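Protein chains in written order, with this note's numbering: chain U, 6 to 327; chain E, 72 to 513.
Ideal placement from N, C-alpha and C gives every residue a C-beta, glycine not left out.
In this text, all values refer to a predicted model and were calculated from it rather than measured experimentally.
Worksheet: one structure, shown below.
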Amino acid sequence: MAVTYLEAIRSAQAKALAEDERVFIYGQDIGVFGGAFKATKGLAVAHPGRVLDSPISEDAAIGLAIGASIEGMRPIIEMQFADFSSVAFSQIVNQAGTQFYRTGVRCPIVVRLPSGGTPGGGPFHSQNMEAIYAHYPGLVVMTPATVEDAYHLLLEAIALDDPVIFCEHKHLYNHLKAERLPEKSDLPPNKARIARAGRDATVVTHGAMLHEALTAAGDLAREGWQIEVIDLRVVKPLDSETVLESVARTGRVLAVGENTPWGGVTSEVIARIADAGFQSLDAPPRRLNCKDTPVPYHPNLWAAHRPNAAEITRELRDLLKF
Amino acid sequence: MLVPILMPQLGESMAEATVVNLLVAPGDTVKADQDILEVETNKAVFQVGSSCDGSIAQFLVEKGGTYGVGALLGYIEATEAEVEKRGLGSAVAAGGAVATSATVSVEAAQTASPASVPLRAEDGGAAMHGSPDWNPPVWASGSYSTQPEPAGARVDKPLPKQAPVLPQRGTPAASGFLSPRVRSRMAEAGLKEADLGAITGTGAGGRITADDLEKFLFQLAANDVQTAMPMRLSVSDAMRRSWSRPLATVGRLVKLDPLLAHRAAQSEPKPGPALYAVRALGLALREDRLSAAKLVGNKLVIPKSMDIGCAVEVDDGIMVPVLRAVDTQPLAELVGPYRKLVEAARKRALTPEMFAGSIASVTNYGPFDLEWATPIPLPDETLILGLGATRKMPEWDDEIEDWMPFHKATLTLTFDHRIMDGGRAGRLMKRIVELMEHPEQL
């Protein structure tokens with residue numbers, strides 16, 4: 006009985022609701038309707054009064070959650086789309102992000118961001134916000150790329166005493182399946198995963214791009230190249246150690262991110278390698294992001310806008326040729 | 072109390088020295104200033120003395136190992152009173168700190184995850200692409216764990232042709248580019264850029280990739296490889312730096328009969344032919360100092376003192392002690408200092424004042440029965456005068472209309488063509504020959 010990425014997120018929330026009475030879920034249409042993507046389907050009936058519809062105000066929803074967390078609750082807030090979390094930007098980065106620093110009172114909230122592009126999503130329903138939130142101190146930013154991580158990282162996020170931005174990828178919701186949910190995660194949340202071992206070049210990526218990178222690595226393996234693929238899992242704090250160790254093995258690195266290039270996760274990864282891993286580099290570190298434009302609506306344009314396996318393969322060929 | 076034995080700074084250019092002998096063993100009683108270690112730098116052999124009375128507690132060095140200035144070589148066990156008396160309190164404390172940090176780093180190295188170690192030639196044939204067997208590494212500066220072999224070893228084959236996507240970054244100019252990884256690996260393996268000449272680069276624009284370097288190191292291991300002595304490395308480095316300039320050589324014969332007659336008339340110790348050449352070169356350069364100038368940037372640096380180096384063959388190398396201001400001292404007065412320098416050089420006992428700062432050198436390759444050569448001046452010299460083997464040869468005499476026998480040798484002058492051209496070199500040689508053929512002027 007296969008379980009999808011979306012079901013993993015629902016299961017994690019169900020488990021948290023069942024095991025910790027401080028947990029409640031708050032968001033637009035998440036109650037009886039079960040959420041825009043059905044991530045909370047059935048939870049309102051199973052846990053009466055704890056899966057609550059919010060008004061159409063992201064700002065108010067986060068504000069409420071912060072207040073509840075001060076009072077000892079552990080709220081999960083579902084943003085209908087990651088894009089609209091910008092409406093609650095001040096609450097997230099100014100209030101939640103700095104609360105413990107300012108007051109010594111913990112702020113254990115989880116903000117779930119249905120992120121990333123799907124065909125036809127367009128500019129308002131496709132964005133990836135992890136780089137924005139990672140920029141601000143005080144926030145933990147998770148970007149699960151597998152069904153197992155969707156489940157275990159969400160449980161870790163709920164258990165964490167700090168505000169967590171949980172970037173779940175919409176494109177993976179129903180596409181990605183696992184046989185079952187493992188009892189325990191094989192990695193602590195602060196470690197990146199070597200998703201594929203190799204020695205000719207390293208791809209550092211996260212979220213849905215992991216699967217494009219693995220496809221590219223598989224394609225190149227048929228030609229004899231061994232590409233190591235690293236899934237960051239959590240972009241903040243960033244596991245530099247695993248990345249640097251990998252680059253020390255391979256000497257070549259390509260950072261791939263679905264979000265726009267300017268000041269993103271890929272640039273942070275490359276900055277760290279250029280600084281601490283300079284002597285490991287046998288070729289200039291490279292990165293691949295989506296085009297620096299709004300996300301296009303038309304499915305063909307959308308497909309051309311985001312990095313894909315073919316493009317990663319081409320970049321890697323170029324890197325291997327250097 | 073443990074008093075550290077540290078590698079002393081012996082001469083200002085010294086950065087490290089090789090331990091050639093341990094003169095005492097752990098447990099031996101030593102007196103202050105007693106020699107306990109013999110070390111060799113690229114210039115000379117020195118003794119390291121004990122800083123106090125006591126006994127050798129421990130040596131942390133091996134014979135043949137090379138250690139930097141200030142390196143901890145071992146410990147002397149001394150009484151507290153002795154340490155107090157010699158004012159070694161701070162050394163004891165510092166030595167303790169050194170020992171602690173050394174211990175820590177060793178532990179850190181041992182516990183380091185093998186996963187963090189890059190793939191390298193030392194990992195053996197299995198890890199190198201397509202290379203079957205592996206000899207013990209010879210240039211390894213440490214021990215490296217073997218990488219677990221990922222499944223499916225890479226097959227080296229050209230990549231299939233592909234549609235143009237991004238511009239090819241490589242250009243012919245890139246062939247000189249060495250990546251940070253290649254550079255750091257070179258430093259680790261003790262390689263210089265000059266050593267890479269034998270490698271065919273497979274990277275963009277023919278540049279040498281880290282992989283190319285590892286394969287090169289791997290192939291070297293199929294030969295007998297031994298560590299070169301500091302003297303060899305020192306000569307090699309000097310020659311490589313010298314060769315960065317356009318050097319030209321001119322030569323002409325010098326008649327030695329007057330010189331030989333002059334020499335026979337001298338009392339012991341007599342000057343050798345090379346010393347005549349040294350003195351002649353010094354006088355000739357005094358008259359034309361510009362010939363010995365150095366070109367630094369856009370400036371000509373013209374020497375004031377005619378300090379001439381004298382090449383002396385020693386075991387596995389060559390040393391060039393320097394006779395100072397040879398233009399100011401007649402030949403007879405140069406004999407004593409010259410003999411002293413040659414002796415010191417052969418004993419490897421030259422002090423820094425004895426070998427630095429020459430403006431030109433003289434090398435006498437006649438004793439090897441060589442008639443001519445194109446020797447290379449030291450990097451900070453502009454020219455070198457060579458003296459070949461003496462031959463008895465005929466010369467036509469117009470007056471008596473017959474061949475006459477003379478002792479002749481070829482003098483060669485190798486010079487930096489940036490500073491001097493053939494005409495000037497010819498005139499300088501003419502003057503040197505004049506002086507050597509009129510030894511009474513020397």
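Apply the 10 Å Cβ neighbour rule to residue i and answer buried if 16 or more other Cβ atoms are within range, or exposed otherwise.
i: E/His509; result: exposed
i: E/Asn294; result: exposed
i: U/Leu306; result: exposed
i: E/Ala363; result: buried
i: E/Asn369; result: exposed
i: U/Ile61; result: exposed
i: U/Leu177; result: buried
i: E/Trp467; result: exposed
i: U/Trp230; result: buried
i: U/Gln33; result: buried
i: E/Lys134; result: exposed
i: E/Asp99; result: exposed
i: U/Asp154; result: buried
i: E/Pro75; result: buried
i: U/His383; result: As shown, chain U starts at 6 and ends at 327. That puts residue 383 of chain U outside it, with no answer to give.
i: U/Pro312; result: buried
Specify, as a first and last residue, the run of the alpha helix (DSSP H) that residue i falls within.
i: U/Pro80; result: U/Pro80 -> not in any alpha helix (DSSP H); beta strand (DSSP E) instead, spanning Arg79 to Glu83.
i: E/Asp308; result: Pro301 to Ser313
i: E/Pro251; result: Pro251 to Ala260
i: U/Trp307; result: Pro304 to His310
i: U/Met147; result: Element bounds for U/Met147: not the alpha helix (DSSP H) but the beta strand (DSSP E), Val145 to Met147.
i: E/Phe287; result: Ala281 to Leu291
i: E/Lys501; result: Gly493 to Glu508
i: U/Gln18; result: Tyr10 to Glu24
Considering only their Cβ atoms, is the gap separating residue j from residue i smaller than 9 Å?
i: E/Leu356; j: E/Pro374; result: yes
i: U/Leu160; j: U/Ala253; result: no
i: U/Leu144; j: U/Ile67; result: no
i: E/Leu482; j: E/Met464; result: no
i: E/Met377; j: E/Phe426; result: no
i: U/Met84; j: U/Leu118; result: yes
i: E/Arg334; j: E/Lys341; result: yes
i: E/Leu108; j: E/Leu93; result: yes
i: U/Arg291; j: U/Val248; result: no
i: U/Thr220; j: U/Ala314; result: yes
i: E/Arg278; j: E/Gly497; result: no
i: E/Thr485; j: E/Leu318; result: yes
i: E/Leu73; j: E/Ala128; result: yes
i: U/Val240; j: U/Val146; result: yes
i: U/Ser251; j: U/Ile235; result: yes
Please work out which residues of its chain come closer than 6 Å, Cβ to Cβ, to residue i, disregarding the five sequence neighbours upstream and downstream, and give them in chain order.
i: U/Ser120; result: Ala87, Asn133, Cys172 and His174
i: E/Lys326; result: Phe477, Lys479 and Glu508
i: E/Met491; result: Ser362
i: U/Lys196; result: Asp244
i: U/Gln100; result: Ile71
i: U/Ser131; result: Gly122 and Val300
Beta-carbon within less than 7 Å of residue i's beta-carbon, same chain only, minus the 5 sequence neighbours each way: which residues are those?
i: E/Pro79; result: Val119
i: U/Glu24; result: none
i: E/Pro450; result: Ala309, Arg312 and Ser313
i: E/Ala415; result: Pro392, Leu421 and Met425
i: U/Asn179; result: Thr9 and Leu11
I'd like the span of the beta strand (DSSP E) that includes residue i, first residue to last.
i: E/Trp467; result: Arg462 to Asp468
i: U/Pro119; result: Val115 to Ser120
i: E/Pro75; result: Leu73 to Leu77
i: E/His478; result: Asp473 to Asp487
i: U/Val239; result: Val239 to Lys241
Less than 8 Å between C-beta atoms, sequence neighbours within five positions excluded: which residues of the same chain meet that for residue i?
i: E/Arg518; result: Because chain E is modelled from 72 through 513, residue 518 of chain E falls outside the range shown and cannot be assessed.
i: U/Arg27; result: Gly77, Met78 and Arg79
i: E/Gly493; result: Ala319 and Val321
Should residue i be flagged as near chain B, meaning a C-beta pair shorter than 9 Å?
i: U/Lys296; result: Annotation note: the requested chain B is absent from the structure, which comprises protein chains U and E.
Name the residues in the region 261-281 of chain E whose C-beta lies less than 9 Å from a C-beta of chain U; which are they? Gly274, Ala275, Arg278, Thr280 and Ala281
Closer than 7 Å, Cβ to any Cβ of chain E: which residues of the region 265-291 of chain U, in chain order? Phe283, Gln284, Ser285, Leu286, Asp287 and Ala288
Pull out every residue of the region 243-263 of chain U whose Cβ sits closer than 7 Å to any Cβ of chain E, in chain order. Glu250, Ala253, Arg254 and Gly256
Which of the residues in the region 19-48 of chain U, read from start to end, lie with their CB under 8 Å from any CB of chain E? none
What residues in the region 89-107 of chain U have a beta carbon less than 8 Å from any beta carbon of chain E? none
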